[in-house]
DNA sequence: CCCTATATAGTACAAAAGTACTAGATATAA
DNA sequence: TTATATCTAGTACTTTTGTACTATATAGGG
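Pasting the structure below:
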């Protein structure tokens with residue numbers, strides 16, 4: 419690598435940025451910039467262009483889901499984006515990778531694992547966490563699986579429940595009927611073992 | 419302070435624990451233990467007793483709200499508990515302090531601020547963040563306020579919405595009628611500017 | 001080919017949620 | 001004292017949610 423690497427850390431928590439910044443010193447010649455919200459990320463990408471790497475928190479002002487990741491990835495095609503998230507459920511990982519991320523790091527990971535992942539991405543490789551493979555075929559294929567997993571459509575609708583959308587709003591957004599949305603929501607509830615949207619939201623927040 | 423201080427860091431994110439651990443070195447002689455969930459916290463408190471300080475994350479397996487904080491505080495009355503949270507809304511701060519916490523640190527705070535807060539608590543003082551005072555009378559008094567803030571009852575019910583409870587479950591838990599719960603829920607929605615419980619949950623997650 | 005799962009859409013119904021009122025008790029601020 | 005806000009509880013009503021079915025089309029596995 420010629421010269422110092424430019425890395426942008428985007429997280430709203432100072433201590434996390436500090437810890438990550440310290441971790442990155444192990445890479446040698448690195449120049450680290452920080453952003454606390456989407457506005458600051460975009461400002462950095464516009465004015466100071468050309469970052470080699472963007473470490474992007476998935477729970478910060480302006481970036482709360484894969485859509486936010488997609489926006490950032492599209493506005494910085496030359497920068498490798500690694501998503502860092504506390505929620506490492508398979509559907510989240512898949513959504514982020516589909517959105518254009520080059521890697522996904524769980525916040526529960528040890529520092530060494532994070533560093534290895536970052537080095538892999540800097541080397542041009544995609545990094546996918548092992549958890550992602552544990553559930554094997556469930557999320558790894560874009561085709562529907564036979565297993566009793568949450569289908570892509572259900573995952574999509576799950577995200578919209580989390581975003582506070584009503585059945586009607588979901589139907590309009592996806593170009594479906596109310597009836598179809600209800601069918602998907604009920605199927606999702608059955609798989610999650612819940613019987614209300616608020617419980618489905620809690621499932622996404624806590625365990626998964 | 420005689421000898422080394424015993425400090426327990428409870429957070430499910432490794433990097434955060436590392437960053438905090440590093441930060442604590444500035445205090446001099448400290449012995450740091452770590453816990454990743456409630457089970458590990460309780461194990462530490464039982465077997466290794468007598469911690470001077472417990473830095474407790476408010477979003478980790480087993481500890482998601484003030485009730486969790488209360489349980490921990492009660493099981494370790496000799497240990498000063500400082501809650502660390504990404505959500506520093508007034509009602510969260512108040513709930514934690516009421517639960518018995520000696521301090522409340524926002525994850526968005528700079529390291530220096532965190533360190534100062536920790537030192538204050540170790541000195542026997544309660545630390546309350548300045549944000550808590552910005553909204554002045556709203557949360558600082560246990561009496562109801564005239565301001566258009568979220569009342570204690572509404573905060574309590576808000577938390578139960580977040581936990582996925584139905585109106586009926588809330589009514590039973592609080593010994594109220596369905597009608598009264600609905601009244602509180604509607605009043606909360608009006609203040610939050612939403613019209614569904616899923617949106618109310620999202621409000622708690624994102625901005626506030 | 002058969003079985004299964006998904007995605008779609010419909011009907012029908014029960015339950016829950018949400019709104020809009022009234023109303024009494026209580027506490028606080030002006 | 002008056003006004004305001006909370007907490008409680010009630011009635012009445014609409015809308016939304018959730019479940020239980022049927023049904024068609026598609027795609028994959030055995």
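Chains as they are written, first to last, in the working numbering: chain A, 419 to 626; chain B, 419 to 626.
Don't be surprised by glycine CBs; every beta carbon is placed ideally from N, CA and C.
DSSP assignment within the stretch 430-516 of chain B yields the following whole alpha helix (DSSP H) runs of 4 residues or more, N-terminal first: 432-442, 456-465, 484-493 and 508-516. For residue 611 (chain A), there is no enclosing beta strand (DSSP E), as DSSP gives it neither H nor E. For residue 529 (chain B), the enclosing alpha helix (DSSP H) has its first and last residue at 529-540. Per DSSP, residue 568 (chain B) lies in no beta strand (DSSP E) and is assigned neither H nor E. DSSP places residue 592 (chain B) inside the alpha helix (DSSP H), whose first and last residues are 585-592. The C-beta of residue 619 (chain B) comes closer than 7 Å to at least one C-beta of chain A. Listed in chain order, the non-local C-beta contacts of residue 602 (chain B) below 7 Å within the same chain comprise 571, 572 and 575, local neighbours out to five positions each way being set aside. Taken in chain order, the members of the stretch 433-455 of chain A whose beta-carbon sits within less than 9 Å of a beta-carbon on chain B are 433, 434, 435, 436, 437, 438, 440, 441 and 454. Taking 7 Å as the cut-off, the Cβ atoms of residue 540 (chain A) and residue 501 (chain A) do not count as close. Residue 520 (chain B) sits close to residue 544 (chain B), with the two beta carbons spaced by under 7 Å.
The Cβ of residue 605 (chain B) sits no closer than 7 Å to any Cβ of chain A. Taking CB atoms only, residue 609 (chain A) has no neighbour in chain B less than 7 Å away. Taking a C-beta cut-off of 8 Å against chain B, the contacting residues of the stretch 523-547 of chain A are 525, 526, 527, 528, 529 and 532, listed in chain order. When the beta-carbon positions are compared, residue 612 (chain B) and residue 618 (chain B) come within less than 7 Å of each other.
With respect to the C-alpha of residue 484 (chain A), the residue from A:578, A:424, A:532 and A:438 having the closest C-alpha is A:578. For residue 430 (chain A), the C-beta contacts it makes with chain B under 9 Å involve 504, 525 and 526, in order along the chain. Around the beta carbon of residue 436 (chain A), 16 or more other beta carbons lie within 10 angstroms, which makes this residue buried. One finds 616 in chain B with Cβ atoms closer than 7 Å to the Cβ of residue 579 (chain A), taken in chain order. Nearest CB-CB separation between residue 486 (chain B) and chain A: not below the 7 Å threshold. In its chain, beyond the 5 residues on either side, 484, 487, 501 and 522 have a beta carbon closer than 6 Å to the beta carbon of residue 514 (chain B).
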